[in-house]
Each structure stands twice: as C-alpha cells, then as structure tokens.
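To start, the structure itself, in structure tokens.
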Amino acid sequence: MHIPTYLMNKGFDVSFAGNVMATNMIGVLIGSLVIGYASDKIGTRNTAIATMLLGLLSIGLLLFSASSTAVISLAVGLFGLVSASIGTLGPALTSALFGNKEYSQIYSNASMGLAISSIVALPAYGYVFDYTGSYTPVLYAIGIMLIINIACIGLAFRGKKRLEQAGSWN
2 MHIPTYLMNK
12 GFDVSFAGNV
22 MATNMIGVLI
32 GSLVIGYASD
42 KIGTRNTAIA
52 TMLLGLLSIG
62 LLLFSASSTA
72 VISLAVGLFG
82 LVSASIGTLG
92 PALTSALFGN
102 KEYSQIYSNA
112 SMGLAISSIV
122 ALPAYGYVFD
132 YTGSYTPVLY
142 AIGIMLIINI
152 ACIGLAFRGK
162 KRLEQAGSWN
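Residue numbering for the sequence shown follows this note's numbering, starting at 2 and increasing by one per position.
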C-alpha cells in the first residue's frame, strides 16, 4: 500500500510506481501457488522460514539497492510473494502446529491477530513517513519483525515437538 509513495519519494515517476505494483501483484499470485506447493513438499516450517528469508532479501534490496529499477522491481515482486504467505501459511501453520482438532477456533483467534496487526501497522507506517519523511525506518522495522517471525516459528515447532514427545499433541 505504501510502495508507490516510497518510490515517488525516491524520485521515481507514477508510471514506474504503477508498474512495480503490478509486479507486486504478480508476486502475490505466484507466491500463493508456490507457497502452498512448497508447504506440501518441504513442510510448513521450512516453507515459512524460507518465505521470511525471502522477505529479508526483499527488504535488504530495497534498503541498499534502491536506485536500480530492475532491483526495485525484483524486490517488490519478492515482497509480493512474501505477502501471499499471510493467506497461505497462516492456515498451514495453524494445522501443522495445533492439529485439526478445534482448528476453526484456533485459526479464528490467529486470524484476528493478523487483522488487528494490519489495522495498527498500516497507519503506523504512514505516521512514520509523515514524522521522518522516509520509509527507511519502516523497512528496518519490517526486517526486524521478519527475524522475530523466524525465531517464533522455530520456537513454536520446538514446543510442538515437546508436546508430541509428552503425548499431549493430537
């Protein structure tokens, strides 16, 4: 949502910003398919970690190579792929971590957290831009959140393993 403003603030024109948003949407489309397939083939944990690492790569490209139109397009396309993970990895992680017993109650709580975080994050990104005149702090914050996500995924699967060993996981 803030990508066009970010690009125009960097001196790019509206046409380029629009094309990059199309690249983002292509990334979302491809990501939805690839993430679902990868979850089945290499597991939800590995897919989630790989997706977060791609997100870090995307953020790094935007932070440190943001003068090249090709690099920006690649970075935003990759970020679209990562954005697709919200709709595909959320349900997959829920069933992988908690099983299918009471799935609907567990997933509804998890998805409420996603909705609330979106309600808070998107305006906060705009506020940071208004306050600092740059999206650079936002990109760093997203990178930090991706690193935290990777750590949390590792901890969650470690906790699941302990529950399985104790015979408490369905």
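Ideal Cβ placement from N, Cα and C applies to all residues, glycine included.
| Asked | Found |
| --- | --- |
| Excluding the 5 residues flanking Thr24 on each side, which residues of the same chain have their C-beta closer than 6 Å to its C-beta? | Ser74, Val77 and Gly78 |
| Return helix, strand or coil for Asn101, following the three-state DSSP convention. | coil |
| Alpha carbon to alpha carbon, how far is Leu55 from Phe80? | 8 Å |
| Would you mind reading off the limits of the alpha helix (DSSP H) that contains Gly19? | Val15 to Ile43 |
| May I have the straight-line CA-CA distance separating Ile151 from Tyr141, to the nearest angstrom? | 16 Å |
| For Lys162, report the span of its alpha helix (DSSP H) as first-last. | Thr137 to Ala167 |
| Once DSSP output is grouped into helix, strand and coil, what is the label at Ala116? | helix |
| With Met2 as the anchor, note down where its alpha helix (DSSP H) starts and where it stops. | Looking at the DSSP string, Met2 is not in any alpha helix (DSSP H), and its letter there is neither H nor E. |
| According to DSSP, simplified to helix, strand and coil, what is Ser66? | coil |
| Using 10 angstroms around the beta-carbon of Met2, count the other beta-carbons present and answer buried if the total reaches 16, otherwise exposed. | exposed |
| Tyr108 and Thr95: beta carbons closer than 8 Å? | yes |
| Would you report the Cα separation of Gly61 and Met113, rounded to the nearest angstrom? | 29 Å |
| For Gly12, which three-state DSSP category applies? | coil |
| Roughly how many angstroms separate the alpha carbons of Thr6 and Met53, rounded to a whole number? | 24 Å |
| By DSSP, does Gly127 sit in helix, in strand, or in coil? | helix |
| Quick one, are the C-beta atoms of Leu63 and Gly32 less than 8 Å apart? | no |
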